[in-house]
Amino acid sequence: MTLPRGLSCFSPAPGRKDGNIYYFVPENIDLEKPVGLFVFMHGGDKNTPDDAPFKTYLNPENGGLRPHIDNIPFITVAATAPPDIDGKRWNRAQAVDALEAIIADADSRTLIDRDRIIIGGHSMGGFGAYHLGQIFADRAAGVLLSAGAWQIADFRSFYGTNVYIIHGKYDCASNYREFHKEPRHHDWCGVSFGRAADKLMTGYKVEHTYDEHDGGHGLRWEPAQLAFRRFLKWAEKQKRDPYATKTALITPRGSADPELHPAPRSRYLELLEAGNGTISYDKIILTGPNVAWTVDELMCQDYELTTTQLSGSRIIAENLGNNHFSVSVENVRVFAIYLAPEMGDLNREFTIECNGYGVFSAKAEPLTEFDADYSAKIVIRLF
């Protein structure tokens, strides 16, 4: 099935009994060739209606994404968030299945270039992008985190995937005025979340761009529009790399809002058996007044970073070349490294240097099941 050009809507949303899924196909797209996909998660709260992706973002008259997406080399898809009890609709367990179904639905309607899928969201969708972006990082060419928030995370989940963060200096309110009447709710999606994520990603050397603009929360506000245009230029240059030199598997992972998600595989790493211990995650603590009514109060909103211990496992691997990997593991008993000819010579032994556990030498075994990216694997048993 080929998607029509322009805007189209299908209901119900894929894999569900409710909601809508919207597509926008630019006129410049050649549907005879594999095409990039921009998966956008809308904002709102528990009461946001099913047509929010159209009314707020895709509407040609005043949608926050228009006209910027009209000539990009991507099809834009935006589905109604799964229903839930609060405004964390893109962060619940069912949102993982929803995003999987959205990508599969797009692939069933036209030929999607699996190496050019951009995953992102704004506001409530930005919350979801912080969460789902980590879970789907190995599926994405890039991830957009716009005006979102997070609680607990390990952003090393993004190793190998480029990230673009957009946040308004005067978030959280739709607009900004010198003497504003709108309170800024720090815990909704204050700029501290973006600044803290930028600081952590910089420290971890996660490839990312931090774009803090001089606006508030609304995507239609001019500074946000300019930032979104910069993001689209960035997105056109991104390509998924299944063979990234450095990658990480953290499970469970996400933004812990409300909880982390167990996912034992990411890119070429797979956890086969975990230990019984814990690992550390980064945690943000907001400081200053939670609700700012004045500019002075707004300037007092800040954050601190700490860590917390949770049950989980972490594997960080780096391909050093010449069939040599350096691997750091925490709370791991057995894991696998998947391999492809692009990663080394599959006819020779590989050397895996594992922190505290010595050096392992093994030849890759061919996969017995189909994998689109890899053809062999090595299983490492630490205990």
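Each residue of the sequence shown is one higher than the one before, counting from 42 in the working numbering.
Every residue gets a Cβ at the ideal spot worked out from N, C-alpha and C, and that includes glycine.
The beta carbons of residue 106 and residue 117 sit closer together than 9 angstroms.
With contact defined as three or more Cβ pairs closer than 8 angstroms, the segment 199-210 and the segment 243-263 are in contact. Looking at 295, 312, 342, 320, the one whose alpha-carbon comes closest to that of residue 326 is 342.
Across the set 348, 387, 126, 393, the C-alpha of 387 shows the shortest separation from the C-alpha of residue 417. A contact between stretches requires three or more CB pairs, one per stretch, nearer than 8 angstroms, and the segment 347-359 meets this requirement with the segment 290-310. Under a 10 Å Cβ-count criterion, residue 384 is classified as buried, with 16 or more other Cβ atoms of the shown protein chains found around its own Cβ. Spatial neighbours of residue 320 in its own chain (CB-CB distance under 6 angstroms, excluding positions within 5 residues in sequence) are listed in chain order as 353, 355, 371, 372. Pairing residue 407 with residue 333 gives a Cβ-Cβ distance that is not under 9 angstroms. Residue 155 and residue 140 have their C-alpha atoms spaced approximately 14 angstroms apart.
With 16 or more other Cβ atoms inside 10 Å of its own Cβ, residue 94 counts as buried.
The closest CA to that of residue 393, considering only 54, 170, 376, is found on 376.
Rounded to whole angstroms, the separation of the alpha carbons of residue 363 and residue 405 is 14 angstroms. When the alpha-carbon of residue 72 is set against those of 61, 78, 43, 47, the nearest one is in 43. Using a 10 angstroms sphere on the CB of residue 52, the tally of other CB atoms stays under 16, which defines it as exposed.
Given a length threshold of 4 residues, each whole run of the alpha helix (DSSP H) inside the segment 330-382 is given here in chain order: 336-340. A check of alpha carbon separations from residue 59 across 120, 399, 403, 412 identifies 120 as the nearest. If you draw a 10 Å sphere on the C-beta of residue 50, you find fewer than 16 other C-beta atoms in it, and that means exposed. In the three-state reduction of the DSSP assignment, residue 250 falls in the strand class, which pools E and B. Residue 187 and residue 205 have their C-alpha atoms roughly 8 angstroms apart.
Shown here, residue 307 sits in a strand according to DSSP, grouped into three states.
When the Cα atoms are used, residue 180 and residue 252 turn out to be separated by approximately 23 angstroms.
Under the criterion of beta carbons closer than 8 angstroms, residue 99 and residue 158 do not qualify as touching, at roughly 18 angstroms. Residue 389 counts as exposed, since fewer than 16 other beta carbons sit within 10 angstroms of its beta carbon. Here residue 196 is buried: its Cβ has 16 or more other Cβ atoms, across all protein chains shown, within 10 Å.
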